[in-house]
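One gets my numbering by counting positions in the sequence shown from 1 and adding 2 to each. For each residue, glycine too, the CB sits at the ideal point set by N, CA and C.
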Amino acid sequence: MRIRTLISTGLATAGAAALGSVANASGMPGWYSTIKKPPYVPPGAVFPVAWTTLYATIAATSASTIDRLRAEGDDARTRAYVAALALNLGLNASWSWVFFRWHKLGPAAVAAAVLAASSADLARRTAAVNPQAGLALTPYPAWCTFATVMSTDIWRLNR
Numbered sequence: 003m004r005i006r007t008l009i010s011t012g013l014a015t016a017g018a019a020a021l022g023s024v025a026n027a028s029g030m031p032g033w034y035s036t037i038k039k040p041p042y043v044p045p046g047a048v049f050p051v052a053w054t055t056l057y058a059t060i061a062a063t064s065a066s067t068i069d070r071l072r073a074e075g076d077d078a079r080t081r082a083y084v085a086a087l088a089l090n091l092g093l094n095a096s097w098s099w100v101f102f103r104w105h106k107l108g109p110a111a112v113a114a115a116v117l118a119a120s121s122a123d124l125a126r127r128t129a130a131v132n133p134q135a136g137l138a139l140t141p142y143p144a145w146c147t148f149a150t151v152m153s154t155d156i157w158r159l160n161r
């Protein structure tokens, strides 16, 4: 994996994380602590550990995939992969805004489902190029699917 590609994907994932955390910072201390949550919601300390791990994995597996596609000379698939990654990271950051900043629980549940589908697509694209990297990325769509269930239940509990 080229260091330049890893830096690029690392900056992209860090940017998504930073953009999402701006929304989290405004909603976490007050509003989030007052809403009803299902009993299976993990403790707050789990989320930064999970997301840091997921973002690092997204950056590394995406860099590896992009480099392999470039080495194959497949410019069309490289552009398609980069576009899918950019869309995914945009969806990822936007969920925090919909949920934490704007408190739109129904739309946040839908956004989480779209993010889970996008994450599964990214893992599929990654596995098609590098099966090991695709396997390493599978916790991401799994976590996003879990987040969809949580978001939906939070919406249901707070209508």
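Asked: Please classify Ala104 as buried or exposed, where buried requires at least 16 other C-beta atoms within 10 Å of its C-beta.; Found: Looking at the sequence itself, residue 104 is Trp, so the reference to Ala does not match. Exposed.
Asked: Pro50 to Ser23, Cα distance in whole Å?; Found: 10 Å
Asked: Measure the C-alpha to C-alpha separation of Leu89 and Tyr57 and round it to an integer number of angstroms.; Found: 15 Å
Asked: DSSP three-state call for Tyr42: helix, strand or coil?; Found: coil
Asked: Expressed to the nearest angstrom, what Euclidean distance is found between the alpha-carbon atoms of Arg79 and Arg126?; Found: 13 Å
Asked: Suppose contacts are defined by Cβ-Cβ distances below 8 Å. Is Leu21 in contact with Ala95 by that definition?; Found: yes
Asked: Between Ala143 and the rest of its own chain, which residues show a CB-CB distance below 7 Å, the 5 nearest in sequence each way excluded?; Found: Before going further, note that residue 143 is Pro rather than Ala in the sequence given. Taken in chain order, the residues that qualify are Ala118, Ser121, Ala122 and Ala125.
Asked: Please confirm whether Ala114 and Trp99 have their CB atoms less than 8 Å apart.; Found: no
Asked: Quick one: using the 10 Å Cβ neighbour count with 16 as the cut-off for buried, is Val48 buried or exposed?; Found: exposed
Asked: Enumerate, from N- to C-terminal direction, the unbroken alpha helix (DSSP H) stretches of 4 or more residues contained entirely within the segment 61 to 149.; Found: 77 to 98, 107 to 131 and 133 to 139
Asked: By Cβ distance below 8 Å, which residues in the same chain neighbour Lys106 in space, the five residues on each side in sequence not counted?; Found: Val100
Asked: Does Ala149 pass the burial test, meaning 16 or more other C-beta atoms within 10 Å, or should it be called exposed?; Found: buried
Asked: Taking 8 Å as the cut-off, decide whether the C-beta atoms of Val112 and Leu93 are in contact.; Found: no
Asked: Is the beta carbon of Ala62 less than 8 Å from the beta carbon of Leu8?; Found: yes
Asked: To the nearest whole angstrom, what separates the beta carbons of Trp145 and Ala18, a pair I think is in contact under 8 Å?; Found: Rounded, the Cβ-Cβ distance is 14 Å, inconsistent with contact.
Asked: How many angstroms separate the CA atom of Gly46 from the CA atom of Asn26?; Found: 12 Å
Asked: Please state if the CB of Pro44 and the CB of Asp155 are separated by a distance shorter than 8 Å.; Found: no
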